[in-house]
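Keeping their order, the protein sequence lines are chains A and B.
In this text, residue positions in the first sequence follow my numbering: the first is 120, and each later residue adds one.
In this text, residue positions in the second sequence follow my numbering: the first is 2, and each later residue adds one.
Here's the structure we're looking at; comments come further down.
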Amino acid sequence: AQRVTQPEKLLSVFKGAPVELKCNYSYSGSPELFWYVQYSRQRLQLLLRHISRESIKGFTADLNKGETSFHLKKPFAQEEDSAMYYCALSPQGAQKLVFGQGTRLTINP
Amino acid sequence: DTGVSQDPRHKITKRGQNVTFRCDPISEHNRLYWYRQTLGQGPEFLTYFQNEAQLEKSRLLSDRFSAERPKGSFSTLEIQRTEQGDSAMYLCASSSSDGNQPQHFGDGTRLSIL
């Protein structure tokens, strides 16, 4: 079975500090990994995906197959980063997304 | 294009009633997905269509749930004989099958069972 674990339900950091949102997954094949974000009163939207290897809004995430992790990082947090963040995987050959429980990130001024 | 559109935004109904939700995907997207999200949890996959064909259904989708996409455009999700446990946010997403395109989500329909 596929599973995504986000160990922190809440994470609070100060503006300008580094931030890391943890994501671990359980899947025997080669999944595709995503981070989705939901800002206040907005819909769920894609932040980044591992195959793109992009930096979006200063965020990066590296897929570590050995540790089955896909942690999201940003070196200097900004207040507008406050949001709900979901890690998700898509099993190989499948179309569905399997989501973690989410982490609510709060950036304090 | 305003993105994925869902209607209604909110639905309050009594236990035992039937409810139907509608999803209009992004116009050029041929894949459509339904998810359910309860408080404090991430979205959970329910079912997915490619064009009008329903290609996968989760075990979460009990006999009381049925989804259709009759012309390969909009989709409906019906819940019959609603139960308290059906209270949730129902999310629709769509994507293109060209390459590895990501899913785009709607605002969801929040269902409350009295």
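Here a beta-carbon is modelled for each residue, glycine too, at the ideal position from N, C-alpha and C.
Item, Value
"Local conformation of Glu84/B per DSSP, three classes", "coil"
"Opposing strand residues paired with His11/B [DSSP bridges]", "Arg111/B"
"Helix, strand or coil at Glu151/A [DSSP, three-state]", "strand"
"Nearest neighbour of Cys93/B, chosen from Gly109/B, Lys72/B and Asp99/B [CA to CA]", "Gly109/B"
"Neighbour flag for Asn31/B against chain A, beta carbons, 8 Å", "no"
"Range covered by the beta strand (DSSP E) that runs through Ala207/A", "Ala202 to Ser209"
"Buried versus exposed, by CB contacts within 10 Å (16 or more), Leu33/B", "buried"
"8 Å Cβ cutoff met for Arg223/A and Lys134/A", "no"
"Per DSSP, the bridge partner or partners of Thr39/B", "Per DSSP, none; premise fails for Thr39/B."
"Sheet register partners of Leu94/B (DSSP bridge)", "For the record, residue 94/B in the displayed sequence is Ala; it is not Leu. For Ala94/B, which the question treats as bridged, DSSP gives the partners Tyr34/B and Phe106/B."
"Presumed contact (8 Å Cβ cut-off) between Arg162/A and Glu151/A, rounded CB distance", "That pair is no contact at about 21 Å."
"Beta-carbon proximity list for Pro228/A, same chain, < 7 Å, skipping 5 on both sides", "Lys134 and Glu198"
"Short-range partners of chain A found in the segment 54-88 of chain B, where Cβ spacing is below 9 Å", "Leu56, Glu57 and Ser59"
"Residues near Leu130/A by beta carbon distance below 6 Å, same chain, minus five either side", "Thr222 and Leu224"
"Option in Thr3/B, Gly4/B, Asp25/B and Gly17/B with minimal Cα separation from Asp88/B", "Note on residue identity: the sequence assigns Ser, not Asp, to residue 88/B. Answer by Cα proximity: Gly17/B."
"Cβ-Cβ distance between Cys24/B and Ser97/B below 8 Å", "no"
"Residues that Arg172/A contacts on chain B, provided the C-beta gap is smaller than 9 Å", "None at all; the shortest Cβ gap to chain B is about 13 Å."
"Residue-level contact to chain A via CB, Pro103/B, 8 Å cutoff", "yes"
"Contacts of Leu191/A in chain B (Cβ-Cβ under 7 Å)", "The premise fails here: Leu191/A is roughly 14 Å from chain B at the closest Cβ pair, so nothing lies under 7 Å."
"Run of the beta strand (DSSP E) containing Phe22/B, from where it starts to where it stops", "Val20 to Asp25"
"Endpoints, beta strand (DSSP E) assigned at Phe189/A", "It is not in any beta strand (DSSP E) - Phe189/A carries neither H nor E in the DSSP assignment."
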